[in-house]
Amino acid sequence: MGQVNSTLAFKEEKGGKEKVVSNQNRSLHIFNIPILWFLVFTAITLVSLYTGNLPGGMIGTLLVMMVLGELLGWAGDRTPVVKTFLGGGAIIAIFGSAFMVYAGLLPEETVTSMTDFMKSGGFLNFYIAALITGSILGMNSEVLVKVGLRYFLPIFGAVAGAVIIAGLLGFLVGFTLQEAILVITMPIMGGGMGAGAVPMSQIYSEMMGNEPSYYISMLVPALALGNVFAIILASVLDMIGKKVPSLSGNGQLMKGFTYEKTKQKYNVEKMGVGLLAALTFFAVGTLLGTVLPLHPYAIMIILVAAAKISNIIPQNVVEGASQWYQFVASNWTFALLFGIGVAYTDLNTVLEALTLQYIFTVFGVVLGAIIGAAILGKLVGFYPIESAITAGLCMANMGGTGDVAVLSASKRMELMPFAQISSRLGGALILLLAGLIIPLL
Numbered sequence: 056m057g058q059v060n061s062t063l064a065f066k067e068e069k070g071g072k073e074k075v076v077s078n079q080n081r082s083l084h085i086f087n088i089p090i091l092w093f094l095v096f097t098a099i100t101l102v103s104l105y106t107g108n109l110p111g112g113m114i115g116t117l118l119v120m121m122v123l124g125e126l127l128g129w130a131g132d133r134t135p136v137v138k139t140f141l142g143g144g145a146i147i148a149i150f151g152s153a154f155m156v157y158a159g160l161l162p163e164e165t166v167t168s169m170t171d172f173m174k175s176g177g178f179l180n181f182y183i184a185a186l187i188t189g190s191i192l193g194m195n196s197e198v199l200v201k202v203g204l205r206y207f208l209p210i211f212g213a214v215a216g217a218v219i220i221a222g223l224l225g226f227l228v229g230f231t232l233q234e235a236i237l238v239i240t241m242p243i244m245g246g247g248m249g250a251g252a253v254p255m256s257q258i259y260s261e262m263m264g265n266e267p268s269y270y271i272s273m274l275v276p277a278l279a280l281g282n283v284f285a286i287i288l289a290s291v292l293d294m295i296g297k298k299v300p301s302l303s304g305n306g307q308l309m310k311g312f313t314y315e316k317t318k319q320k321y322n323v324e325k326m327g328v329g330l331l332a333a334l335t336f337f338a339v340g341t342l343l344g345t346v347l348p349l350h351p352y353a354i355m356i357i358l359v360a361a362a363k364i365s366n367i368i369p370q371n372v373v374e375g376a377s378q379w380y381q382f383v384a385s386n387w388t389f390a391l392l393f394g395i396g397v398a399y400t401d402l403n404t405v406l407e408a409l410t411l412q413y414i415f416t417v418f419g420v421v422l423g424a425i426i427g428a429a430i431l432g433k434l435v436g437f438y439p440i441e442s443a444i445t446a447g448l449c450m451a452n453m454g455g456t457g458d459v460a461v462l463s464a465s466k467r468m469e470l471m472p473f474a475q476i477s478s479r480l481g482g483a484l485i486l487l488l489a490g491l492i493i494p495l496l
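Each residue of the sequence shown is one higher than the one before, starting from 56 at the first, in the numbering used here.
The structure is reproduced here in structure tokens:
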């Protein structure tokens, strides 16, 4: 089983000889399959979907997500302007599927099944567990300690930058300071819906009156629109990093901090071990989350990092986790993004928020998060681009789903552990700040 690599060419074996195939020829493939054959798979999927004969449960749902996700992702990565400025395949997979739901192009039964698969079925958790376990275990343990101790400073920088710029821009377009900070900035920086907007609405309800649903209706548009800007600006930051190499570590958060990509043959048995490790770490995080005031993702990050630093994990488990992480990231990212569009992205909510004043202020929140995280990240030795993406944009997106989309758009999936620190621990920080700020404002 081979890894999907990102080099300028790849090799095919034919008649015992290796033939180098350029990216130009590879562009005639979708999901490493010749386009004609991929279209055959697509046709079978669509006929099954629209005749009501799609297999039930995970099989039919994952088939639709993989086929349509890869198709939209392939198109987005090859569409001018979109591929350069708007996040390419990542944003097309998300908003293409969201539009299909909005326009009624997906059967209601399929939308329900996919939403259940993503949420109660746990596909998002399954994906993120693989990325967290594999990417942390693949890090250099000494540098992991060095980075972890510094990481919270750029998070504070992101929050400060978002509050300052949103407050200023909001004032200029007619919002009060309370509206700019409490209704727009806090939900955007709060770690998504489940860990951010929902508990935040409870805090607002307890401290200011009204039902939580009243505040949810105000918080969700900011959260959704902020997520859009985070994905778009992730692509822009990737482009800036290519134009100004000194600002970017190309996926490294700081100099000397690398994901250990060793040349190794993929081993199905090791990948099975890696899958088991990812599931077990997530299970332990969930178990401890019942008694500790932390999100299971945050606990999981701490546990995996502690296991890596203490060097107690056998090498075959480390290698298996690394291989499983790369398999999942290579083969299911567009499928997951398609599911995010269906289950978590409500175009009605986004469109309702589209006033110029609101858009301007939301953009200020995300821009402020980028600037604050980049500046303070630079002060502690991080590359500004990677610091802005992880401590900035991954604070300003829609939690776990936003982390996947942002890192996919910026082509830096190996930064998932730090993205999750921002979303989970950073989100908890925002809830604390919200409770402190309300009496002041």
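Backbone N, C-alpha and C fix where the C-beta goes; we use that ideal spot for every residue, glycine too.
Checklist entry - Checking contacts by CB at 7 Å: is Ile493 closer than that to chain D? => result In the structure shown, chain D cannot be found, because there is only a single protein chain.
Checklist entry - CB-CB under 7 Å to Gln79, same chain, minus the five flanking residues each way: which ones, in chain order? => result Confidence in Gln79 is poor, its pLDDT being 48 and thus under 50, which makes the residue's placement unreliable; the coordinate value appears in the next sentence. For Gln79, where only same-chain residues beyond five positions count, there are no Cβ hits under 7 Å.
Item to check | Straight-line gap, Ile191 to Pro439 (C-alpha atoms, nearest Å) | outcome: Computed Cα separation, rounded: 21 Å.
Next on the checklist: So the candidates are Asp132, Ile85, Leu179, Thr188; which of them puts its Cα closest to the Cα of Val504?
Outcome noted: Any answer about residue 504 is impossible in this case: the structure gives the chain only from 56 up to 496.
Checklist entry - Buried or exposed: which applies to Gln475, given that a residue is buried once 16 or more other Cβ atoms fall within 10 Å of its Cβ? => result By the beta-carbon neighbour count (other beta carbons within 10 angstroms, threshold 16), Gln475 is buried.
Checklist entry - In chain order, what residues of the same chain lie with their CB nearer than 8 Å to the CB of Ser196, ignoring the 5 residues before and after it? => result Excluding five sequence positions before and after Ser196, the CB atoms of its chain that fall closer than 8 Å to its own CB belong to Lys363, Ile364, Asn366, given in chain order.
Item to check | Spatial neighbours of Leu127 in its chain, beta-carbon cut-off 6 Å, leaving aside the 5 residues before and after | outcome: Once the five neighbours on either side are set aside, the close Cβ partners of Leu127 are Ile147, Ala148, Gly151.
Checklist entry - Since Phe207 is in the alpha helix (DSSP H), which residue starts that stretch and which ends it? => result Note, Phe207: alpha helix (DSSP H), 207-228.
Checklist entry - Are Leu278 and Met453 closer than 7 Å when you measure CB to CB? => result Pairing Leu278 with Met453 gives a Cβ-Cβ distance under 7 Å.
Checklist entry - For the region 392-405 against the region 207-217, are there 3 or more C-beta pairs whose distance is under 8 Å? => result Touching, no.
Item to check | Endpoints, alpha helix (DSSP H) assigned at Asp171 | outcome: 163-173 is the extent of the alpha helix (DSSP H) around Asp171.
Checklist entry - What whole-angstrom Cβ distance do Ala285 and Val461 have, given they're in contact under 8 Å? => result Going by Cβ atoms, the distance from Ala285 to Val461 rounds to 5 Å, so yes, they are a contact pair.
Checklist entry - When the distance is taken between beta carbons, is Ala213 closer than 7 Å to Ala235? => result If you check the CB distance, Ala235 and Ala213 do not come in under 7 Å.
Checklist entry - Where does Glu164 land, buried or exposed, given buried means 16+ other C-beta within 10 angstroms? => result Label assigned to Glu164: exposed.
Checklist entry - For the putative contact between Tyr380 and Leu118, defined by C-beta atoms under 8 Å, what is the C-beta separation to the nearest angstrom? => result Not really, about 23 Å apart at Cβ, beyond 8 Å.
Item to check | Selected residue, minimal CA-CA separation from Gly490, among Lys298, Gly203, Leu237 | outcome: If we check each option's Cα against that of Gly490, Leu237 comes out closest.
Checklist entry - From the DSSP output, which residues share a beta bridge with Met309? => result Under DSSP, Met309 takes part in a beta bridge, and its partners are Phe437.
Next on the checklist: Please report the distance separating the alpha-carbon of Ala483 from that of Pro135.
Outcome noted: C-alpha separation (whole angstroms): 39 Å.
Checklist entry - Thr341 and Pro351: beta carbons closer than 7 Å? => result Result yes, Cβ atoms of Thr341 and Pro351 sit closer than 7 Å.
Checklist entry - Between the beta-carbon of Ala464 and the beta-carbon of Gly447, is there less than 7 Å? => result No, the pair does not count as a contact, with Cβ atoms beyond the cut-off.
Checklist entry - Rounded to a whole number of angstroms, what is the C-alpha to C-alpha distance between Val102 and Met121? => result The straight-line gap from Cα to Cα measures roughly 15 Å.
Next on the checklist: So, at 6 Å on beta carbons, what are the nonlocal neighbours of Thr456 in its own chain, with the 5 sequence-adjacent residues on each side left out?
Outcome noted: Residues Ile395, Tyr399 of the same chain have their beta carbon placed closer than 6 Å to that of Thr456, with the five preceding and five following residues left out of the count.
Next on the checklist: Classify Gly107: buried if its beta carbon has 16 or more other beta carbons within 10 angstroms, exposed otherwise.
Outcome noted: By the 10 Å Cβ count, Gly107 comes out exposed.
Item to check | Sequence-distant residues of the same chain with beta carbon closer than 7 Å to Val156, five excluded per side | outcome: Closer than 7 Å at Cβ, skipping near neighbours: Val166, Val397.
Checklist entry - Who does Pro89 pair with in a DSSP beta bridge? => result Paired residue(s): His84.
Next on the checklist: Between Asn322, Leu160, Ser168, which has its C-alpha nearest Leu109's C-alpha?
Outcome noted: Looking at the Cα atoms, Ser168 is the closest of the given residues.
Checklist entry - Quick one: complete beta strand (DSSP E) runs, 3+ long, within the region 268-304? => result Here no run is fully enclosed.
Item to check | Rounded straight-line distance, which links the Cα of Leu422 to that of Ala429 | outcome: Their backbone Cα atoms lie some 11 Å apart in a straight line.
Next on the checklist: On the DSSP letters alone, give me the boundaries of the alpha helix (DSSP H) that Lys325 sits inside.
Outcome noted: For Lys325, the enclosing alpha helix (DSSP H) stretches over residues 323-344.
Checklist entry - Around the C-beta of Arg133, are 16 or more other C-beta atoms found within 10 angstroms, so that it is buried, or is it exposed? => result Counting Cβ neighbours within 10 Å, Arg133 comes out exposed, since fewer than 16 surround it.
Checklist entry - With distances taken from CA atoms, which of Val346, Leu334, Leu204, Ile357 is nearest Asn180? => result When Val346, Leu334, Leu204, Ile357 are compared, the shortest CA-CA separation from Asn180 is found for Leu334.
Checklist entry - Leaving out the 5 sequence neighbours to the left and right, which residues in its chain are closer than 6 Å to Met273 when beta-carbon positions are compared? => result For Met273, where only same-chain residues beyond five positions count, the Cβ hits under 6 Å are Val238.
Checklist entry - For Gly337 versus Met355, is the C-beta distance shorter than 7 Å? => result Position check: residue 337 holds Phe in this sequence, whereas Gly was assumed. Yes, the pair counts as a contact, with Cβ atoms nearer than the cut-off.
Next on the checklist: Do Leu224 and Phe415 have their beta-carbon atoms positioned less than 7 Å apart in this structure?
Outcome noted: Their beta carbons are under 7 Å apart, which means Phe415 touches Leu224 by this criterion.
Checklist entry - Using the rule of at least 16 other Cβ atoms within 10 Å of the residue's Cβ for burial, across every protein chain shown, is Thr345 buried or exposed? => result Answer is exposed; the Cβ neighbour count stays below 16.
Checklist entry - Which same chain residues, not among the five before or five after Leu486, have their C-beta less than 7 Å away from its C-beta? => result Counting only Cβ-Cβ distances below 7 Å, and skipping sequence neighbours, we find Gly245, Pro254, Met255, Ile258.
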